[in-house]
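These notes are about the structure you will find just below.
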Amino acid sequence: MTGKTHLLGGAVAGLCAVTTKEISAVSIVAFSLSLAGSIMPDIDIETSAISKVLRPVHKVYKLLFAPFKCGVHRGITHSLPMAFMLSYLLYLIDPIYGFSIFYGLVSHLFLDLISGGEALLAPFTNKRIRLGDIKTGRIGEVAIAFCEILLVAGLIIKRGGVMYH
Ligand SMILES: [Zn+2]
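Residue 174 in the working numbering sits at position 152 of the sequence shown; the count goes up by one each step and never skips.
Next comes the structure, spelled out in structure tokens:
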């Protein structure tokens, strides 16, 4: 999946996590965390959008995890235990932040599960789990992106738009 498809997944996740239609500092941060969570797992590859923006974080990740088996692409950063841990840390700041990043991370993990799989239970096992093999840039990804756009529109319409104040 491309970063754009993941970001659309993050928008769906953000609209599910942030249920208020009022725009506030908290709702903007929470929605942004869903978007960040939707691309964050790809910090494990140098060419991803998130690695280009957060180059030092990518380098620290490589330093810490490259020597281990779970340090491969779609390893520890693509695991549910890691998603729970990171989300819990933000949950301690504000529960909405914890849920928002968790939804974003899960959207990424789901999209990768249906496009080749990942080490979903790392570091406990590095076995790749997969539910499908949709190829990046092919018709399957286009169909998923289209569904994501429909979901974003549907979720906005369902809540009656957004309210600025
Ligand atoms: Zn990924």
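Every residue gets a Cβ at the ideal spot worked out from N, C-alpha and C, and that includes glycine.
- Taking all protein chains in view, the Cβ of residue 141 is crowded by 16 or more other Cβ atoms within 10 Å, so the residue is classified as buried.
- Cβ neighbours of residue 114 within its own chain (closer than 8 Å, five residues either side excluded): 120.
- The DSSP assignment places complete alpha helix (DSSP H) segments of no fewer than 4 residues inside the region 25-65 at 25-39, 47-61, in order along the chain.
- The Cβ atoms of residue 151 and residue 127 do not sit closer than 8 Å to each other.
- A distance below 7 Å between beta-carbons, with the five flanking residues on each side excluded, links residue 23 to the following residues of its chain, in chain order: 133, 134, 137, 158, 163.
- If you measure from each CB to the nearest heavy atom of ligand 1, the residues under 6 Å come out as 63, 64, 96, 100, 130, 134.
- Between residue 25 and the set 72, 49, 38, the nearest pair of CA atoms involves 72.
- Residue 61 and residue 42 have their C-alpha atoms some 23 Å from each other.
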